[in-house]
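Residue numbering for the sequence shown follows the numbering used here, beginning at 48 and increasing consecutively.
This report concerns only the one structure given below.
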Amino acid sequence: MYQLTRKYLASTISCLLLLLTISVHAEQDQRNTVRTLQRNVAMTLAEQGFEAYRELFHPDYENWANGGRLLKRKEFLDAVKTWFEAGNRAISTTMQSVSTEIFGDIALSRYTLREDFNNDESFVGYFTSVSKKEKGQWKLFRTSFTVLYRGATDALPKEFEIQEYKGF
Numbered sequence: 048m049y050q051l052t053r054k055y056l057a058s059t060i061s062c063l064l065l066l067l068t069i070s071v072h073a074e075q076d077q078r079n080t081v082r083t084l085q086r087n088v089a090m091t092l093a094e095q096g097f098e099a100y101r102e103l104f105h106p107d108y109e110n111w112a113n114g115g116r117l118l119k120r121k122e123f124l125d126a127v128k129t130w131f132e133a134g135n136r137a138i139s140t141t142m143q144s145v146s147t148e149i150f151g152d153i154a155l156s157r158y159t160l161r162e163d164f165n166n167d168e169s170f171v172g173y174f175t176s177v178s179k180k181e182k183g184q185w186k187l188f189r190t191s192f193t194v195l196y197r198g199a200t201d202a203l204p205k206e207f208e209i210q211e212y213k214g215f
């Protein structure tokens, strides 16, 4: 009887550890998916066009830049579309993740992002972003950012050069 109880306990503990390991890997996969979404936003616009870009944003998306005016999804996307139709494109993005935390169907991320554009200008900013999972897909839900640098790529100060986080 004692031997049977020990075997049962050992197999129960093994199953629990396996489930915990699977759960940890699933959460890491979710974090990686969210980080990839955030890193590739500008390149989606450049490579796949405005319609694909628009699909990345939740219907209730809001954007708040530099503590300025809050833009609702339509106003934000209208501004991006005007910029895009004028021939502007990102040519590369680099993201350095600080953290991404998953809370059910909500993800909270903090990161530094650099975008280089086809007009020889660059942008670097600190971002806090909330993504929301809808119908099995992560969508950008809220974005707040502070501009660290916006200007000529060749004048980008060294302190704003960021290294891509390779831990995805």
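We treat Cβ as the ideally placed atom computed from N, Cα and C, and that holds for glycine.
Quick caveat: nothing in here was measured; it's all calculated off a predicted structure.
| Item | Value |
| --- | --- |
| Would you tell me roughly how many angstroms separate the C-alpha atoms of residue 152 and residue 197, rounded to the nearest one? | 33 angstroms |
| In angstroms, rounded to a whole number, what distance separates the CA positions of residue 83 and residue 52? | 46 angstroms |
| Taking buried to mean at least 16 other C-beta atoms within 10 Å of its own C-beta, is residue 157 buried or exposed? | exposed |
| CA-CA distance, residue 142 and residue 124? | 22 angstroms |
| Residue 188 to residue 126, Cα distance in whole Å? | 17 angstroms |
| To which residues does DSSP link residue 154 through a beta bridge? | 149 and 178 |
| Quick check for students: name the residue ranges of the beta strand (DSSP E) that lie wholly in the stretch 71–109, counting only runs of 3 or more. | none |
| Checking the sheet assignment: what are the DSSP bridge partners for residue 171? | 161 and 196 |
| Taking C-beta to C-beta, are residue 89 and residue 148 nearer than 8 angstroms? | no |
| State the Cα-Cα distance for the pair residue 146 and residue 180, rounded to the nearest angstrom. | 18 angstroms |
| Shortest alpha-carbon distance to residue 186 belongs to which of 87, 102, 92 and 76? | 102 |
| Compute the Euclidean distance between the alpha carbons of residue 159 and residue 74, then round it to the nearest angstrom. | 22 angstroms |
| Assign residue 172 to one of two classes, buried (16 or more other C-beta atoms within 10 Å of its C-beta) or exposed (fewer than that). | buried |
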